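Counting in our numbering, the sequence shown runs from 131 upward without gaps.
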Amino acid sequence: MIWFHESLKSTQDEMKALAASGDSMHLDAVCALLQTVGRGRHGREWIALPGNLSASIHLKDTHLPLTWIPLWVGLCTARALMSGFPELSSLGGGGILLKWPNDLMIDTGAKLGGILCEKVDSGVIAGIGLNLESSPELQGRKSTSLKALFERCGVERKSVTARIVLESVLSELKREPSVDEVRTEFLRRSFYPPGREIVWKNARTGSRILGRVLGLGSHGELRVEIPGGGSQSLFSEEIEELREKPEAGSDQK
Ligand code: BTN
């Protein structure tokens, strides 16, 4: 069942309350036309402009290990968009890309949406925020919307409602893949594919570190090769920011 609301502070909190009360089943969802106090990862604010998708899904019975769930939800969201709007495959990189751990991006580095997964007693609440109609300005980052992407692909405007996209994501989530399938498809759609040089900021120490993407480890962590030899695992909660290594002499912010 999907509960639609005109306005909520956060669909995440509403779905958590439903899950705690025992009144919701696997793949039940809450969707708000207006979300006023949306949350992003690392306690950041998530701005949901009117016409965009703000939804939270209760994942109650899934056999996929917990640490792979955010990657899988991102993948299902990208799949839902690509199967609903195949014209998006004319974008660079073949369409919607996934920036580890769970940002939805396009090849230019603009963010289309994000996923916030939170553990609860009954499973996981997966929050999805997608810019359908318009994109908020993000500090120091580019953002885009599905509407802008249609224009870029030369597609005549289709009417895309939050309901249509959410129903399609839910149907993708019904089929649970193996960890290997998630790993393979995630890397295939990855904004930072193996071999790419990246810089990340440690959420605790604030230090910036350079490495080269190797792949995904057994828990869905990003495996990177670090200069001077050796490899390291990056776990999503430890990484505040992940960027491509800037060209020499360019702005390193
Ligand atoms: C991120 O990119 O930081 C994740 C953003 C997740 C936002 C969604 S919108 C629906 C759900 N409700 C919230 O308060 N947050 C998530």
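From the three backbone atoms N, C-alpha and C, an ideal C-beta is built for every residue, glycine too.
All figures in this text were calculated on a predicted structure; none of them were measured in a lab.
| Query | Result |
| --- | --- |
| N- and C-terminal bounds of the beta strand (DSSP E) containing S186 | L183 to L189 |
| Reference A150, options S301, K249, E370 and Y322, closest by Cα | K249 |
| Three-state class that DSSP yields for V312 in the structure shown | helix |
| For H135: DSSP bridge partner residues | A162 |
| Spatial distance of A147 from R169 (CA atoms) | 16 Å |
| Close Cβ partners of E351 (< 8 Å) along its chain, the five nearest in sequence each way excluded | T197, S363, L364, F365 and S366 |
| Q142 burial status per 10 Å Cβ neighbour count (16 or more: buried) | buried |
| Nearest-angstrom Cα separation, counted from G224 out to S361 | 29 Å |
| Uninterrupted beta strand (DSSP E) stretches inside the segment 278 to 359 (no shorter than 3 residues) | 327 to 332, 338 to 346 and 352 to 355 |
| Whether R342 touches K331 by CB criterion (8 Å) | no |
| R174 CB to nearest heavy atom of the ligand BTN below 7 Å | yes |
| Where the alpha helix (DSSP H) through Q362 begins and ends | Careful: Q362 lies outside any alpha helix (DSSP H), inside the beta strand (DSSP E) at S361 to L364. |
| Three-state secondary structure assigned by DSSP to E374 | strand |
| L194 beta carbon near the ligand BTN (any heavy atom closer than 7 Å) | no |
| Beta-carbon gap between E373 and I328 smaller than 8 Å | For the record, residue 373 in the displayed sequence is Arg; it is not Glu. Taking 8 Å as the Cβ cut-off, R373 and I328 qualify as a contacting pair. |
| Proximity test, G257 beta-carbon vs the ligand BTN heavy atom, cut-off 7 Å | yes |
| Secondary structure of S273, DSSP reduced to three states | strand |
| Check: R373 C-beta below 7 Å from any heavy atom of the ligand BTN | no |
| Status (buried if at least 16 other CB within 10 Å, exposed otherwise) for D381 | With a pLDDT of only 47 at D381, under the threshold of 50, the placement of this residue in the model should not be trusted; the figure read from the coordinates follows. With fewer than 16 other Cβ atoms within 10 Å, it is exposed. |
| Alpha-carbon to alpha-carbon, I132 and A159 | 5 Å |
| Beta-carbon proximity check, I177 vs A256, cutoff 8 Å | no |
| Secondary structure of D237, DSSP reduced to three states | coil |
| Beta carbon of T274 nearer than 8 Å to that of L242 | yes |
| First and last residue of the uninterrupted alpha helix (DSSP H) at I199 | I199 to G214 |
| Spatial distance of Q165 from E144 (CA atoms) | 11 Å |
| Helix, strand or coil at R174 [DSSP, three-state] | coil |
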